[in-house]
Every structure is written in C-alpha cells, then in structure tokens.
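**Q** Just dropping this structure here.
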Ligand SMILES: Cc1cc2nc3c(=O)[nH]c(=O)nc-3n(C[C@H](O)[C@H](O)[C@H](O)COP(=O)(O)OP(=O)(O)OC[C@H]3O[C@@H](n4cnc5c(N)ncnc54)[C@H](O)[C@@H]3O)c2cc1C
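Residue numbers (this note's numbering): 82 to 724.
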C-alpha cells in the first residue's frame, strides 16, 4: 500500500512513546558511517542537521542562500505555540491538540497532531537552554500572548522577531556541529533532482549557484526541509527564494503530494498597491490581540478613518463572532475581509483593504505599553506606507502566506519514497486545511529537533551497512542529462532578437493572477475550470517566448528563477485539479457551492474526510489521486464555531 500512515497502536497519548520504543537504534560508534543529506537550513533543516550531527551522523546540509541564517524562517514574526500553561488559563497538551485539529477543520491526522502538542513544551525548554531571548514577565517567567483560534495565551515570542531568534539558536547549534566536523555546509546550492536507486533515495543533484555547475551528492538518507510554495501565486508574504521545486521534483520521482490546494491566506498584510510589486508584507497576527478590525458601515465612504464616528463603523469580526472577535482563525478573518470589500465597504484607493485600529488599546494601556508589544511592527508599517499606526489605523488585506499542502509523509515523516523524508513546511504537515498562527515554528522545530533524529536512526538501522552508489552511476548520470536538457531549453532565447519575447517575471505574474482570481480566497467550479484551461496556455507561451539572459555556467539569477517558474507552471495544474476535486468547503478551502444558510463554509465529512494525495505519472503529467482516509478517536469532527 502506497499510503500507509504507519500510526503506532495504543492510546493517543502513548503513541509517540510506543513508537520511540519500537524504533531500531544505530550504535553510536556506527553513526559516522552513515551520510545524511539535509536540504534547507530554515528552522526545520537547521534543527534536524544540528541534532543528527550531535548524534554523530555524517551530515551534509544545503541551502540556496549564502548563509543558513537567511532562510525564510527568519521572517517569522509573531511567535511559537506551546502548552506550558504558564498563564494558568486552562491550557493543556490536550487543549493545544484539540485547537489545532479543530483549527485545521478536521483534515489532519490525529496521531501527528497529538505528538506535536506533546513536543511543544520540549521545544520551549530546548530554546530557553540555547538562550533564545523570549519575552518575559516582570517576575522573570516567560510571557505569552494570544493568537487566532485559541482562547488561551500560549504563544511564546521575542518581540516581532521570533523566527529570527529561533533561527539564530538553531544556527548556533548547527555551526557548533560544523566546527566539530559532523556537519558540512553547502550554501548557494539548489537541489535540482532526487536520485532514486533500487527504490530508495540515495542522493541529490544540485546546481552550484555561483559556478552554474552540476554537483552530485550521495547519502544513505535524504531530508527535504525546503519550505512552502506560496510564491506559486507570484505575490505572497514568503521570501523571494521560497519555491516548490524540491518538493515538485520529488513528486516527479514518485513521492505523493498531499492536499496541494490547501493554501493559507493571511488576513493582516499590507495591501497590493500596484503591478510593480514582487512581494507582499505580513503584519503579524499578534497585532489582532489589541488591534480592532473595521470598515465603514456605509458603502464607498471616503472620509479619513479618524473622521468616521464610532456608530458609523462596523467592527465586523466582533459583530459576527462575539466569542473570538478579532482573534478568529485566519481563514475566517480573510473571508470576512473579502466579503466586506465585495460589499463596496473596503477602504484605500483600491477598495481592497480594511482597517486595523489601535486607538482603543492605546487609550486603555497607554502608548508606551503598545509600543513595547508591537514597536518594530509599527515601524515596519510606517516605513512601507508612510502612515503612523499610532495615530491612524493600519490598512490591511489578505495575502497568500503558508501552504498546508506538501509532500505526503507517514507518522515517521517519510515520503512514499523510502529514505526520503520531508520536514517543516514542505510536508503536508499537521495543520489540515488551515494552520493556526504560531504553529508552523512549533511544527518545524518538533520535526527537526525531536522527530527526525530517531525516525532517521530507525530507517538507517533497518537499512544496515550498505555501500553508497557511486556519483557517476546511471541514475546520477540520467539526472545530469535531464538537467542540462532543461537548462538548454530555458536558455534557448538568450541573445535572440525574436519578437514577442517576455521576461520570466511576466509569466510568473500571469500565473499568479490566474491562481489568485480562480483558486484564491474562494473558489468555484467555473473559475477553477478557467484556470485549468489557462495554465497550459501560459506554460506553452513560457517555453516559446521566455527570455533568460546569460548562460548556464555562471551565476545567473534569471536562470534560477526560470527553473522555479517552470515548476510552478506544472505544479499549479495539480493544485487547481485538487481544488476542483474537493467539492466541500473546509478551512482555507472555500468552495462557493458548499456554503451553509448563514454563509459559512460547509464541510462534507461523508465524502471528503481524507487527505488527497497526488502521484505523478509520465514525468509529472496526468497525475492521479489516492486518498488517505482520516479517522478521529479523540476529537469528534464538529462544525467549527467561533461565534
Ligand atoms: C512573514 C511570515 C511570518 C511568519 N510568522 C510566523 C510566526 O510568527 N509563527 C509561526 O509559527 N509561523 C510563522 N510563519 C510561517 C513560518 O515562518 C514558516 O512556515 C517556517 O519558517 C518554514 O520553515 P522551514 O524550515 O520549513 O522552511 P524555510 O525557513 O522556508 O527554509 C527553507 C530552506 O530550504 C532551502 N531551499 C529551498 N528550496 C531549495 C532547493 N531547491 N535547493 C536547496 N535549498 C533549498 C532554502 O534555502 C532554506 O534554507 C511566518 C511566515 C511568513 C511568510
């Protein structure tokens, strides 16, 4: 069976302990005989490589950037969840598990989510021991704040720079291993292919981004920690280098890709202001602890926000969802923003924005307190928009932010290719159809620090002492030939005077617009069919008329981008097919045909309580779908109600 989730037997609370005992171990003296390749140095990859190195494995780690510290994880602002219950406000491992399962709209695997909640507390201990400067209360205990989808305060934070501080911790641990000689660092490398021999992953092919040359590396196990694919939409809050390529190329080599249409759209981002933009900026969800979201009650009200009296404002989240108010989960807040803008009540010149207002909080707590909580976020907003949120409300609008879809993995985080593991955002993860805020950092570090080390050990112990294939074996050679064919095809218009040539950016923008319009905040059959017809057209135009300057044997960022866009142009079709196939609404996935009488998303548990896993046929074309059915022992699927 291709989709055996390998969930341990026994009660939910004991499954991880049970599995820990079932895992085979590699004797410490034998660990150096095994080479593990880790691709990605974000929180997931850096924590995995540091821990595997500490255990004594021979680790090689690769990343696109010049330094591991530039991984996208550094951008994470708001915080990381854990069930410490320091606030004594009713939190527990079970509550964190329950909130996460419910937040994901009952489309994730119970056993994985329970393990995540259990490991959350160990992460905080480990990070504090590393010296991460988490915010503290007056008495010295760690401070917490609230995030969407929870009624307890369980989010640990370091101002608005939590990802940066956590990554510095993981990076320090990683560099300690580099100094010890257990980990070798390969920056400026892009994974171009996974090498599979005798049915298992045995290596990778990279492009050296400085010299342009292909480089092959062999290993006993391969771990992908290459992040999410939100940039398929062209505009997103992700770092410019985030991409789908590593995951997609694994898919082409036989790895199942789960729920590709589950894309989180974050409600609090700086709105699009024109076609010149190549990226959008997130305003952390933590701002919704104190900021109140509103629009004018009247359509087309063009007055300055401060000139609109209280009784002419619609605090629509507080009105519609009195229990959770401004802290409803992201999918609900995003849809509600779109709804009021569709009613012509949006603000800004485009009408595609809502207000996030801090005046009440400033009056209540004082400006100094609010500055302490959000100072750097306010500065960032002011730098970008020239508006000071201390005196005027911010303007925000939803933007693509995170991908819950990703490579399918079993309980041990192994993909459907033996020996190929996926951790962090690149796997389909524990977040179901909607990730709650502050839980991606938790998952990436749980995977990297705590799950992959024993899971990889088990795989290697069962594999035994095997020789690595030579890097000039037929499988490596074939991958190299495929790569040079693709590079030649991408460069074919370099230096050409042909009419109608366009840049890579042009095709990326075209694809992004098609996806945003038809497979964005809400989706319907007609729109998805339009996208399915348009994507192959854009792809054909791209291969005919895209111009990539320079050559393949030098530093060439246009070529890098072209390769990633080529992958988006294939992958997006599977994403849209997945959205079309899932006729229910759930979490981030709002199918307009599946709404309740009061205009809320309506799940269809009878027909869609499954993970949809796509498999490649014929080099990525004609993908077919298989299902992993989900079952719930401890949490009873119910209608999500945040009212
Ligand atoms: C603006 C922003 C704010 C966020 N804030 C929060 C928050 O407060 N709390 C929270 O929980 N989550 C937050 N998230 C989500 C969270 O930051 C990410 O999900 C998480 O950091 C992903 O970590 P990762 O290790 O899986 O991947 P990444 O950090 O994306 O790292 C990917 C790594 O893979 C490498 N790579 C990628 N492709 C290749 C390739 N083909 N070859 C070689 N190397 C490759 C990259 O170089 C990089 O080193 C935020 C996200 C954004 C966009």
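Cβ atoms here follow ideal geometry from the backbone N, Cα and C, with glycine treated the same way.
None of the values given here were measured: they were computed from a predicted structure.
Answer yes or no: do residue 282 and residue 313 have a C-beta to C-beta separation smaller than 8 angstroms?
**A** In this structure, residue 313 does not lie closer than 8 angstroms to residue 282 by Cβ.
**Q** For the stretch 153 to 198, which segments carrying the alpha helix (DSSP H) assignment without a break, of at least 4 residues, lie completely within its bounds, in sequence order?
**A** Qualifying alpha helix (DSSP H) stretches, in chain order: 174 to 184.
**Q** Just mark residue 105 as buried or exposed, buried being the case when its beta carbon has 16 or more other beta carbons within 10 Å.
**A** Exposed, since its Cβ has fewer than 16 Cβ neighbours within 10 Å.
**Q** How many Å lie between residue 232 and residue 529 at the Cα?
**A** Distance between the alpha carbons of residue 232 and residue 529 is about 28 angstroms.
**Q** Can we count residue 559 as close to ligand 1, meaning its CB is less than 7 angstroms from some heavy atom?
**A** No, Cβ of residue 559 sits at least 7 angstroms from all heavy atoms of ligand 1.
**Q** Check residue 302 in the structure and name its three-state DSSP category.
**A** Three-state result, residue 302: strand.
**Q** Do you know offhand how far residue 620's Cα is from residue 397's?
**A** Rounded to the nearest angstrom, the two C-alpha atoms are 41 angstroms apart.
**Q** Which word fits residue 219, buried or exposed, when buried means at least 16 other C-beta atoms lie within 10 angstroms of its C-beta?
**A** Exposed: under 16 other Cβ atoms inside 10 Å.
**Q** To the nearest angstrom, report how far apart residue 310 and residue 325 are at their CA atoms.
**A** Distance between the alpha carbons of residue 310 and residue 325 is about 5 angstroms.
**Q** Let me know the alpha helix (DSSP H) ranges lying completely inside the stretch 294 to 378, each 4 residues or longer, listed in chain order.
**A** Listed in chain order, the complete alpha helix (DSSP H) runs (minimum 4 residues) inside the stretch 294 to 378 are 326 to 333.
**Q** According to DSSP, residue 627 sits in a beta bridge with which residue or residues?
**A** According to DSSP, which records beta bridges pairwise, residue 627 is partnered with 583.
**Q** Within the continuous beta strand (DSSP E) that includes residue 128, where are the two ends?
**A** Element bounds for residue 128: not the beta strand (DSSP E) but the alpha helix (DSSP H), 124 to 136.
**Q** Tell me whether residue 507 counts as near ligand 1, meaning its Cβ is closer than 7 angstroms to at least one heavy atom of that ligand.
**A** Under cutoff, so the answer is yes.
**Q** What does residue 709 pair with, by DSSP beta-bridge criteria?
**A** Looking at the DSSP assignment, residue 709 forms a beta bridge with 692.
**Q** Helix or strand or just coil, what does DSSP make of residue 589?
**A** Note: residue 589 maps to helix in three-state DSSP.
**Q** Whole angstroms are fine: how far does the CA of residue 284 sit from the CA of residue 276?
**A** Approximately 5 angstroms between the Cα atoms of the pair.
**Q** Just the C-alpha distance for residue 694 and residue 669, rounded to the nearest angstrom, thanks.
**A** Distance between the alpha carbons of residue 694 and residue 669 is about 18 angstroms.
**Q** Three Cβ pairs or more, each shorter than 8 angstroms: is that satisfied between the stretch 486 to 496 and the stretch 172 to 180?
**A** No, the stretch 486 to 496 is not in contact with the stretch 172 to 180.
**Q** Write down the C-beta distance between residue 160 and residue 236 rounded to the nearest angstrom, noting that I regard them as a contact closer than 8 angstroms.
**A** With 8 angstroms as the limit, residue 160 and residue 236 qualify as a contact, their Cβ atoms being about 4 angstroms apart.
**Q** So, residue 124 versus residue 525, is the Cβ gap smaller than 8 angstroms?
**A** Yes; because the gap between Cβ atoms is below 8 angstroms, this pair is in contact.
**Q** Taking 8 angstroms as the threshold (C-beta atoms), are residue 157 and residue 522 in contact?
**A** It is a contact, given that the beta carbons lie within the stated cut-off.
**Q** According to DSSP, residue 141 sits in a beta bridge with which residue or residues?
**A** According to DSSP, which records beta bridges pairwise, residue 141 is partnered with 118, 265.
**Q** Check whether the Cβ atoms of residue 376 and residue 409 sit closer than 8 angstroms, and answer yes or no.
**A** The answer is no: Cβ separation not under 8 angstroms.
**Q** Starting from the Cα of residue 264, find the closest Cα among 587, 138, 373 and give me that residue.
**A** Closest by alpha carbon: 138.
**Q** Could you check whether residue 418 and residue 478 sit closer than 8 angstroms to each other, using their CB atoms as the reference points?
**A** Against a cut-off of 8 angstroms, the Cβ pair of residue 418 and residue 478 comes out as a contact.
**Q** Could you check the C-alpha separation between residue 593 and residue 315 for me, to the nearest Å?
**A** Cα to Cα, the separation comes out at about 5 angstroms.
**Q** What are the partner residues of residue 475, as DSSP defines its beta bridges?
**A** DSSP, once it has assigned bridges, lists 437 as partnering residue 475.
**Q** Do residue 541 and residue 115 come within 8 angstroms of each other at the CB atom, strictly closer than that value?
**A** Contact: yes.
**Q** What residues in its chain sit with their C-beta under 7 angstroms from that of residue 520, if we drop five residues either side in the sequence?
**A** If we look at residue 520 and ignore the five residues flanking it on each side, its Cβ neighbours are 162, 181, 512.
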